[in-house]
Structures are given as C-alpha cells and as structure tokens.
Ligand code: MN
Ligand code: MN
C-alpha cells in the first residue's frame with residue numbers, strides 16, 4: 034500500500050513596506066518623556082480612590098480624562114454605565130463608567146485589548162508618605178505618587194506607546210477596557226464582560242493586562258495566577274457571652290472547638306491536611322520546571338525586608354512553586370474572640386474562624402468546597418461537641434493559566450529582549466486577579482499579564498512610585514510588543 038502525504042505550504046509574500054525600525058520609535062519616546070511625565074502628573078493629581086464614596090466624582094473625572102486622551106489619539110470611546118452601587122444604609126451611589134475604546138479598525142490586522150484600572154488605593158500624608166501622594170514628585174529617578182505603578186502609569190505607558198507608533202504606523206488594532214472600581218472588587222465589570230462578549234470582544238484576538246509588576250529588576254511576564262476560596266466556620270455555644278468563673282469547665286466552649294478545627298487544616302510545613310485537596314493539582318512538567326530555574330530571586334533580601342525568620346522551603350525553585358503553582362491555606366482570624374489589649378475573663382458565645390485556600394490548576398472551587406466541608410464536619414463529629422457549626426464559602430474564584438508559547442507570549446518575550454537585552458522571567462503569581470480568569474472563561478481569548486512596575490514600587494503602600502526608567506523603557510516595551518504582535 035502506498036501512502037501519499039501531501040504537504041501544502043502556504044507562503045505569504047508581502048509587498049508592504051517593512052515595519053518602522055524600532056530604534057526610531059524608541060528615539061521618539063526618549064525625546065517625548067517630559068510630556069509623558071507631565072501627563073502622569075495630571076493623572077496622579079486626580080484622587081480617584083474608589084474605596085471612598087466622597088471621591089466617587091474624582092473617579093468619574095478620571096475616566097473622562099482617559100476618555101479625552103484616547104480621543105486625542107483618534108480612538109472611539111464608549112463610556113459604559115454600570116448603574117448604581119447599593120450601600121449598607123440602603124442608599125445608592127453611581128458607579129464610575131467603564132471605558133470601552135478602539136483605535137484603528139483594519140480587518141487585516143490582529144486586535145489586542147488592554148485591560149487596566151484608573152482607580153487607586155487610599156493615600157494621605159498622615160499614613161506616612163514622605164511626599165504629597167497626589168502630587169507627582171521625582172526623587173533620584175523615582176516618580177512618587179499614588180497610582181504611578183498601580184495602575185495609571187502602566188496604562189499611560191500603553192497610550193504613549195500607541196501615540197509614538199502612530200507617528201509612523203500603528204501595526205495592530207488596539208482596544209482598551211479601563212475600569213474605575215478594581216481596587217474594591219471590579220463592581221459591575223464581570224457582568225459587563227459577559228454582556229459585551231459577542232460585541233466588543235468579538236474581534237479581539239488577545240487580551241493584555243497591564244496591572245502587574247516585575248518579580249525582580251529583570252522584566253517579567255506573568256502567565257498564571259492562583260484562584261482563591263474563602264471560608265467561615267461559625268460555632269455557637271450559648272446565646273450570650275459567659276463568665277468563665279461561672280461557666281468555665283461545665284460547657285464545651287465554642288472557641289476551643291474552633292481552634293481544634295483550625296488546627297486540623299494545615300501542618301507546620303504548610304502542607305494542607307484536608308483529604309483529597311492535592312488530587313487535582315496539575316503535575317509538574319519538565320518545561321515548567323526549567324522556568325523556575327531561570328527566575329532571579331534574592332531569598333535573604335526578602336527575609337530581611339519582611340523580618341521573616343525562615344521560609345518553609347529553602348531552594349529558590351521550591352519557594353517559587355510553593356507560592357504560585359501549589360495550593361496554600363492561610364488562617365486569617367477569629368471574629369468574636371476577645372482580641373483587645375488587657376485581660377478579660379469571658380467565654381465568647383459565638384466565634385467565626387476565617388481561612389482561605391489559594392487554588393491552582395486544575396482545582397475546581399465546587400470540589401474544594403465539598404472537601405473542606407466534609408473534612409470539618411467529620412472532625413467536628415469526632416469531637417462530639419453539642420455546639421452548633423456552620424461552614425460557609427464566602428467567595429471562590431478560579432486560577433488562571435496560559436501557555437507561554439502562545440503568540441502573545443512570544444511577542445512579549447521578543448519585545449523584552451529588544452528593549453532590555455535580556456530574556457524575560459516567565460512567572461506565575463501567588464495572588465488572585467478574579468477578572469483574569471473571568472476574561473478567560475467568558476471570552477476564551479489568549480491572555481497575558483505584561484506590566485512595567487518594579488519589584489519595590491509599593492503599590493497600596495506608602496510612597497508608591499514608578500521609576501522613570503520603568504515608565505519610559507516600559508513605554509518602549511509596549512511599542513515593541515505591538516510591533517512584534519503584528520508579525521504573528
Ligand atoms: Mn492594580
Ligand atoms: Mn491595586
């Protein structure tokens with residue numbers, strides 16, 4: 034028998050002009066950095082703190098300022114209204130609109146959508162800032178101000194990169210989805226993504242999240258985040274708090290029951306003791322293992338910064354894997370237990386233990402919830418306590434993982450090599466960005482986290498900054514990335 038295999042090769046010949054040399058774009062960016070910093074100053078000056086209802090107008094103002102910037106670049110902008118936010122006292126307040134914008138619409142070119150947020154964490158001088166948090170101040174090459182790194186500076190860097198490319202040619206179609214409620218949980222955005230999946234997202238090929246920073250001074254690309262599941266265990270032993278002199282020794286106490294249960298969750302090395310919890314964890318492959326070997330990490334420095342005595346794992350690879358590709362369980366607190374200074378001889382009537390489990394591929398939240406509930410119920414039954422128990426999962430979000438060989442990542446890696454003359458660190462983060470797994474689940478698009486923040490920018494903390502170097506070279510990175518992406 035003869036088998037014939039036909040190999041068909043399609044070759045595309047382009048007679049288009051070759052892309053603009055990157056060095057020309059980079060030179061343009063260098064020459065315009067004063068303008069870029071001025072824009073960042075304007076953006077930082079707006080106190081778009083989404084956690085403060087009194088500043089809601091500032092968040093809205095910030096959305097309009099970004100709208101204006103995109104329009105100046107020739108983009109079309111829709112401000113999608115999200116309705117109102119209900120407050121605890123029953124009143125409502127308007128949610129900031131979401132920016133859905135597009136630049137260029139050439140059907141021959143791929144379309145990349147950048148996601149980021151324009152709201153910030155609270156900041157006041159009294160918190161211990163050395164400079165006015167909303168007045169951009171440059172000291173020794175660092176640009177201090179709330180939102181410089183998280184996430185105004187990064188979005189602005191993308192917009193500035195687009196502007197620089199437009200002087201020659203924008204190589205791909207660029208879209209933006211920018212929100213103003215990220216720091217308080219992206220209120221309203223999850224539903225909007227679903228509603229716009231068949232419209233706004235229909236021509237999007239790639240999604241890039243700007244909201245991330247580097248692990249070290251070496252540029253990094255993030256290809257995975259952990260998910261999370263947060264649990265309450267509520268135990269009640271009486272209707273009201275009791276006197277330990279009157280009731281101590283004659284009733285099984287709620288706090289003792291709770292501490293017993295909490296102690297069955299995790300051992301001293303961080304190993305989770307819930308049966309079956311590791312069953313679904315994706316096996317470690319050779320290709321992934323190699324990525325950890327390449328990442329730069331200074332253990333001793335990390336220990337010193339946080340005053341940590343010792344990590345539970347002492348090789349760099351184990352450390353990175355434990356914090357990003359394996360689940361972890363943390364106990365956060367006990368509500369209702371006496372926690373003030375001084376001594377109080379009380380038996381709390383009702384206590385709530387709080388803990389969370391960070392989830393990794395391929396753990397399913399529904400399975401984890403059942404494993405946790407079964408385990409705690411079994412342990413509680415063994416204790417034979419007459420007290421009432423309630424176990425609730427307060428929220429759960431899935432992990433997210435991409436393939437580092439997808440075009441999006443190849444373009445990002447090439448761009449990093451071009452701008453920084455070094456290979457990118459490919460990292461997974463231990464934290465959770467719920468909107469990322471939501472993007473993946475709803476749109477099914479290829480997603481990457483490409484940020485330009487430095488490892489010591491202190492987002493959320495006092496003296497947040499972005500280095501001028503990161504801001505300007507990061508602008509070049511986004512420009513180079515868009516050029517590279519056009520070649521796939
Ligand atoms: Mn952020
Ligand atoms: Mn943040």
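In this note's numbering, the protein residues as written are 34 to 521.
Yeah, the Cβ is synthetic: ideal placement off N, Cα and C, and Gly gets one too.
Here the structure is a predicted model, which is why all the values come from computation and not from measurement.
- At a cut-off of 7 Å, is residue 216 close to ligand 2 when judged by its beta-carbon and the heavy atoms of the ligand? The residue given as residue 216 occupies position 183 in the chain shown. Yes, the beta carbon of residue 216 sits closer than 7 Å to at least one heavy atom of ligand 2.
Counting C-beta neighbours from all protein chains within 10 Å, is the total for residue 34 16 or more, i.e. buried, or is it exposed? Against the chain shown, residue 34 aligns to sequence position 1. Residue confidence for residue 34 is low, a pLDDT of 42 falling below 50, so the modelled location carries little weight and cannot support an answer.
Review point. What is the DSSP secondary structure of residue 160, reduced to helix, strand or coil?
Key: For this step, residue 160 is matched to residue 127 along the chain shown. Per DSSP, reduced to three states, the secondary structure at residue 160 is helical.
message: Once the 5 residues before and after residue 66 are set aside, which same chain residues still bring their CB inside 6 Å of it?
response: Walking along the chain shown from the start, residue 66 turns up at place 33. If we look at residue 66 and ignore the five residues flanking it on each side, its Cβ neighbours are 505.
*Quick one: complete beta strand (DSSP E) runs, 3+ long, within the region 473 to 497?*
479 to 482
Taking the continuous alpha helix (DSSP H) assigned at residue 186, which residues delimit it? Mapped onto the chain shown, residue 186 falls at position 153. Note, residue 186: alpha helix (DSSP H), 185 to 199.
_For a test of your reading of the model: does the CB of residue 160 fall under 7 Å from any non-hydrogen atom of ligand 2? Yes or no._
Stepping through the chain shown from its first residue, residue 160 is reached at position 127. No, Cβ of residue 160 sits at least 7 Å from all heavy atoms of ligand 2.
- Report yes if the C-beta distance between residue 384 and residue 368 is below 8 Å; otherwise report no. As a position in the chain shown, residue 384 is number 351, starting the count at 1. As a position in the chain shown, residue 368 is number 335, starting the count at 1. Their beta carbons are under 8 Å apart, which means residue 384 touches residue 368 by this criterion.
- request: Check whether the region 166 to 179 touches the region 226 to 244, taking contact to mean three or more Cβ pairs, one atom from each stretch, closer than 8 Å.
  value: By the C-beta criterion, the region 166 to 179 is judged not to be in contact with the region 226 to 244, since fewer than 3 inter-stretch pairs fall below 8 Å.
Closer than 7 Å: residue 150 CB and nearest ligand 1 heavy atom: By one-based count along the chain shown, residue 150 stands at place 117. Yes, since a heavy atom of ligand 1 falls inside the 7 Å radius drawn around the Cβ of residue 150.
Within a Cβ cutoff of 6 Å, which residues of the same chain sit near residue 361, ignoring the five residues on either side of it in sequence?
Taking the chain shown and counting its residues from 1, the one referred to as residue 361 is at position 328. 391, listed in sequence order.
Tell me whether the region 298 to 312 and the region 403 to 411 touch, counting them as touching only if at least three CB pairs, one residue from each stretch, are closer than 8 Å. yes
For residue 502, count the other beta carbons within 10 Å of its own beta carbon; 16 or more makes it buried, fewer makes it exposed. Which is it?
The count along the chain shown starts at 1 and reaches residue 502 at position 469. Under this definition residue 502 is an exposed residue.
- Task: Tell me whether residue 67 counts as near ligand 2, meaning its Cβ is closer than 7 Å to at least one heavy atom of that ligand.
- Result: To locate residue 67, count along the chain shown from 1; it is residue 34. It does not: the Cβ of residue 67 is nowhere closer than 7 Å to a heavy atom of ligand 2.
- Query: Got a sec? Which residues, its chain only, sit under 8 Å from residue 130 by beta carbon, not counting five neighbours each side?
  - Reply: Residue 130 sits at position 97 when you count from the first residue of the chain shown. The residues are 93, 96, 112, 113, 114, 115, 213.
Next item on the list: Would you mind stating whether residue 210 and residue 136 have Cβ atoms separated by less than 8 Å?
Entry: Mapped onto the chain shown, residue 210 falls at position 177. Mapped onto the chain shown, residue 136 falls at position 103. Contact flag unset, no.
Suppose the cutoff is 6 Å on Cβ atoms and the five residues either side in sequence are ignored; what does the same chain contact list for residue 432 look like?
Locating residue 432 in the chain shown gives position 399, counting from the first residue. Cβ within range, chain order: 259, 260, 392, 393, 394.
Q. Taking buried to mean at least 16 other C-beta atoms within 10 Å of its own C-beta, is residue 417 buried or exposed?
A. Along the chain shown, read from residue 1 onward, the residue named residue 417 stands at position 384. Burial call: exposed.
**Study point:** CA nearest to the CA of residue 489, picked from 117, 108, 251
**Key:** If you number the chain shown from 1, residue 489 lands on position 456. Of the listed residues, the one whose Cα sits closest to residue 489 is 251.
- Query: Between which two residues does the alpha helix (DSSP H) carrying residue 60 extend?
  - Reply: The residue given as residue 60 occupies position 27 in the chain shown. Taken as a continuous stretch (DSSP letters only), the alpha helix (DSSP H) holding residue 60 covers 55 to 64.
### Query
Per DSSP, what kind of secondary structure is residue 503 in: helix, strand or coil?
Indexing the chain shown from 1 puts residue 503 at position 470. Per DSSP, reduced to three states, the secondary structure at residue 503 is helical.
Distance cut-off 7 Å: residue 82 Cβ against heavy atoms of ligand 1: Residue numbering aside, residue 82 sits at position 49 when the chain shown is read from its first letter. Not under cutoff, so the answer is no.
Length of the line joining the Cα atoms of residue 232 and residue 494
By 1-based counting over the chain shown, the position of residue 232 is 199. By 1-based counting over the chain shown, the position of residue 494 is 461. Residue 232 and residue 494: Cα-Cα distance of roughly 38 Å.
For the pair the region 471 to 482 and the region 280 to 295, tell me if three or more CB-CB distances fall below 8 Å. no
Query - Terminal residues of the beta strand (DSSP E) in which residue 428 lies - result: Residue mapping note: residue 428 aligns to position 395 of the chain shown, counting from 1. Counting along the chain, the beta strand (DSSP E) containing residue 428 begins and ends at 421 to 430.
Would residue 185 and residue 314 be called neighbours here (beta carbons separated by less than 8 Å)?
Position 152 of the chain shown, counted from the first residue, corresponds to residue 185. Position 281 of the chain shown, counted from the first residue, corresponds to residue 314. The answer is no: Cβ separation not under 8 Å.
- Query: Over what stretch of residues does the beta strand (DSSP E) that includes residue 269 continue unbroken?
  - Reply: Translated into positions along the chain shown, residue 269 becomes position 236. Unbroken beta strand (DSSP E) run through residue 269: 260 to 269.
Given 7 Å as the limit, tell me if residue 492 has its C-beta closer than that to any heavy atom belonging to ligand 2. Working through the chain shown from its first residue, we reach residue 492 at position 459. For ligand 2, at least one heavy atom lies less than 7 Å from the Cβ of residue 492.
Less than 8 Å between the CB atoms is what I'm expecting for residue 82 and residue 154, so what's the real figure, rounded?
For the purposes of this step, residue 82 is taken as the residue at position 49 of the chain shown. For the purposes of this step, residue 154 is taken as the residue at position 121 of the chain shown. That pair is a contact at about 7 Å.
- Determine the extent of the beta strand (DSSP E) in which residue 144 is found, giving its start and end residues. Position 111 of the chain shown, counting from 1, holds the residue named residue 144. Residues 144 to 150.
Bridge-paired residues (DSSP) for residue 209: Walking along the chain shown from the start, residue 209 turns up at place 176. Residue 209 is bridged to 134, 147.
Among 256, 357, 156, 140, which residue has its Cα nearest to the Cα of residue 84? Taking the chain shown and counting its residues from 1, the one referred to as residue 84 is at position 51. Taking the Cα of residue 84 as reference, the smallest distance to any Cα among 256, 357, 156, 140 is reached at 156.
How about the region 324 to 335 and the region 346 to 360: do they share at least three Cβ pairs that are nearer than 8 Å? With three or more CB-CB distances shorter than 8 Å, the region 324 to 335 counts as touching the region 346 to 360.
Handout entry: Backbone CA spacing between residue 43 and residue 443 [nearest angstrom]
Key = Mapped onto the chain shown, residue 43 falls at position 10. Mapped onto the chain shown, residue 443 falls at position 410. Model confidence at residue 43 stands at a pLDDT of 39, short of 50, so the residue's coordinates are unreliable; what they give is reported in the following sentence. Whole-angstrom Cα-Cα distance: 22 Å.
Among the candidates 363, 71, 89, 253, whose CA atom is the shortest distance from the CA of residue 486? Locating residue 486 in the chain shown gives position 453, counting from the first residue. Of the candidates 363, 71, 89, 253, 253 places its Cα closest to the Cα of residue 486.
**Prompt:** Taking 7 Å as the cut-off, does the CB of residue 154 come closer than this to any heavy atom belonging to ligand 2?
**Reply:** Position 121 of the chain shown holds residue 154. Yes, since a heavy atom of ligand 2 falls inside the 7 Å radius drawn around the Cβ of residue 154.
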